[in-house]
Amino acid sequence: MRSKWRMPHPATMFFLLTLVVIFLSWICDIYGMGVRLPQTGEYIRVQSLLSPEGIRWLLRHVITNFTGFAPLGMVVIAMFGVGLAQHSGFIDACIRRGLRNRQEKRKIILGVILLGLLSNVVGDAGYIILLPIAATLFHSVGLHPVAGIITAYASVSCGYSANVMLTTVDPLIARTTQEAALIGGVLQGSIGPLSNYYFMLASTFLIAGIVYWITRRSLIPSLGVYNGGTRFESYKQLSYKERRALLMAMFVGILYLVLIFCLTFTSFGILRGVNGGLIHSPFIAGILFLISLGIGLIGMTYGFSSGRYRSDGDVINALAQPMKLLGVYFVIAFFAAQMFACFEYSRLDKCLAILGANLLSSVELGALPTLVLFILFSAMINLIMVSATAKWAFMAFIFIPMFARMGISPDVTQCAFRIGDSVTNPIAPFMFYMPLVLTYMQQYDKHATYGSLLKYTWRYSFYVLIAWTLLFIFWYITHLPLGL
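If you want it as structure tokens, here you go:
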């Protein structure tokens, strides 16, 4: 899969993007570019990274920019558990137990898509844990591993707002919507976490169908056959010792789940927040570690039960195994961390987003055309500012009062925002997990770059944007309830 796009190495790309951010901050500072934050009224302006203060800031924070890069610690922690489960042979045994032959491609593709769409229940864990497992699953049925990575990535990112269950983002978004509606004097009722539930439930199945169709019709044929690595014997029968080890590992996994459930949802709920809720609880804050720990315990149990592990040294070697892959990730993440930090310090993201929002708010069209424009605007802003909660923290205070004057309720405005906020995630160069995705891809294709990723993911963003917007228009015209 040698890309015809002449793109630089991912680390070089982030370095060049950093230079672009530095140059733009200098130009915008010269012209005094600034905006007023709608939620506080505070006036902010772009800060130049080429000013004496900007240069001093960059030199003081080069190391902390890297060590404080949000996905870095999460990736390392998650890879401990996944790496241990893979090294012990547990993941391989599960695949061989679940697959009878190589003809079960449809089940694998649908399974990866559904897991990706449901993964936002536990935050960003899908980006870190699901992608390498999806590559193994696709390889096990004779499909290209990179197709598994891209399919999982598109499912997690495109469908980040859609789910059949309540996610960790829903209460945060709803709280901002409620606050903006109260300040704007347009609140007609309580905006709860389930205010868009019916629409997002239907959206889950719509997005699953689109991702499956694109994967089967376009992605898999274009990638072709994977000739690297070893042939995966997915249909090889498990031995008696392997079946016994798998049973023991599953037993330990069930005990672990019961323990976490008891510590979270019973009177012994020490993993709940101080007020008894889950939004800011240790359970939500440590969900990725809890998942990684559970996977690691299952993998370790399988390793000792199957005879592959005989001492603690074997376990330590297994934990160190993923670090070989993460060596490339650390290099890419270093340059990515500098770019993200420079972008945030310069305030370019907030200024550009607020200027665009103010421009859109001055457009005088009908309610529905303006909502469609708002979806497109949110999709474009998401290319440079990917955090949903950070964007909505100021966009809500602009657009909720604006649409309220058109007779549009806050929950409809919130729903439109969440569509645009999700659809361009797969193609956003400023996505926090982009370095990790490129690292996973380079494990199977040394020539993989952002250009080769964009070559395959743009279809997912484009078609999901069209279909999801049409569903929203249908929902709006028919006056169906968005949620509870």
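In this text, residue positions in the sequence shown follow my numbering: the first is 586, and each later residue adds one.
Built from N, CA and C at the ideal position, the CB exists for glycine as well.
Predicted, not measured: the structure shown is a model, and the values here were computed from it.
Neighbour-count burial assignment, residue i, 16 or more Cβ in a 10 Å radius
| i | result |
| --- | --- |
| GLY744 | buried |
| HIS1064 | exposed |
| PHE1057 | buried |
| LEU601 | exposed |
| ALA905 | exposed |
| ARG1003 | buried |
| ARG802 | exposed |
| GLY653 | exposed |
| TYR825 | exposed |
| ILE676 | buried |
| LEU937 | buried |
| PHE928 | buried |
| GLY770 | exposed |
| GLU827 | buried |
| ASP614 | buried |
| ASP897 | exposed |
| VAL741 | buried |
| SER746 | buried |
| LYS976 | buried |
| LYS589 | Note on LYS589: pLDDT 48, under 50, position unreliable in the model; no value is reported. |
| ILE839 | exposed |
| PHE790 | exposed |
| PHE1091 | Here the chain comprises residues numbered 586 to 1069, so residue 1091 is not present and cannot be evaluated. |
| PRO1076 | What is shown of the chain runs 586 to 1069, which leaves residue 1076 out entirely. |
Residues of its chain near residue i, where Cβ-Cβ distance is below 7 Å and the 5 sequence neighbours each way are ignored
| i | result |
| --- | --- |
| PRO595 | ILE917, PRO1020, LEU1023, THR1034, TYR1035 |
| LEU882 | VAL837, TYR841 |
| ILE795 | TYR1048, VAL1049, ALA1052 |
| ARG857 | THR849, LEU863, SER866, PHE868 |
| LEU699 | ALA793 |
| GLN1027 | VAL913, ALA1033 |
| TRP642 | TYR930 |
| ILE776 | ALA759, THR762, GLN763, ALA766, PRO995, ASP996 |
| VAL1008 | CYS743, ALA964, SER1046, VAL1049, LEU1050, TRP1053 |
| LEU786 | VAL749 |
| PRO986 | GLY769, VAL771 |
| ARG1044 | ILE799, SER803 |
| TYR797 | ILE694, LEU695, ILE698 |
| LYS728 | Lys is not the amino acid found at residue 728; the sequence shown has Leu there. The residues are LYS690, ILE805. |
| ALA655 | PHE1017 |
Spatial neighbours of residue i in its chain, beta-carbon cut-off 8 Å, leaving aside the 5 residues before and after
| i | result |
| --- | --- |
| ALA952 | PHE988, MET991, GLY992, ILE993 |
| ILE869 | GLY708, THR753, LEU863 |
| ILE880 | GLY666, VAL667, LEU669, ALA670, ILE714 |
| GLU627 | ARG621 |
| ALA710 | ALA663, SER704, ILE872, LEU873, ILE876 |
| PHE853 | CYS847 |
| SER673 | GLY884, MET885, TYR887, GLY888, SER891, ARG893, TYR894, ALA903 |
| PHE651 | LEU657, ALA918, PHE919, ALA922, GLN923 |
| ASN812 | none |
| PRO954 | none |
| TYR1061 | LEU953, LEU956, VAL997 |
| LEU950 | LEU958 |
| MET659 | ASP709, ILE713, LEU873 |
Nonlocal neighbours in the same chain, by C-beta distance under 6 Å from residue i, ignoring five residues either side
| i | result |
| --- | --- |
| GLY1068 | LEU779, SER780, ASN781, TYR782, TYR783 |
| ALA1075 | Given a span of 586 to 1069 for the chain in the structure shown, any question on residue 1075 remains unanswerable. |
| GLN999 | THR762 |
| ASP755 | PRO778 |
| ALA737 | VAL697, GLY701, LEU715, LEU716, ALA719 |
| ILE960 | ALA1001, ILE1004, GLY1005, THR1054 |
8 Å contact criterion, which residue i and residue j should meet: CB distance rounded
| i | j | result |
| --- | --- | --- |
| ALA739 | PRO1014 | Not quite, the Cβ-Cβ distance comes to about 16 Å (not below 8 Å), so this is no contact. |
| PHE984 | SER946 | 7 Å |
| VAL697 | ALA719 | 5 Å |
| LEU657 | TYR1025 | Going by Cβ atoms, the distance from LEU657 to TYR1025 rounds to 15 Å, so no, they are not a contact pair. |
| TRP611 | LEU634 | 7 Å |
| GLN624 | PHE982 | 5 Å |
| PRO730 | TYR1029 | 5 Å |
| ILE735 | THR1042 | 6 Å |
Closer than 7 Å to chain B by CB, residue i
| i | result |
| --- | --- |
| ILE869 | Annotation note: the requested chain B is absent from the structure, which comprises a single protein chain. |
Inset, instruction - Check whether the segment 687-705 touches the segment 961-970, counting contact only when three or more Cβ pairs, one atom from each stretch, lie closer than 8 Å. - result: no
Legend entry - Whole runs of the alpha helix (DSSP H) within the segment 679-734, excluding any shorter than 4 residues: 690-703, 716-725
Inset, instruction - Starting from the N-terminal side, write out each stretch of the alpha helix (DSSP H) that is 4 residues or longer and does not extend beyond the segment 760-825. - result: 782-799, 805-808
Inset, instruction - Specify whether the segment 821-837 and the segment 885-895 touch according to this definition: at least 3 beta carbon pairs, one from each stretch, less than 8 Å apart. - result: yes
Inset, instruction - Entirely within the segment 606-678 and at least 4 residues each: give me those alpha helix (DSSP H) ranges in chain order. - result: 637-652, 655-672
Legend entry - Contiguous alpha helix (DSSP H) assignments of at least 4 residues, all confined to the segment 815-899: 825-850, 867-870, 872-891
Inset, instruction - Mind listing, in chain order, the continuous alpha helix (DSSP H) runs of no fewer than 4 residues lying wholly within the segment 898-956? - result: 907-931, 933-946
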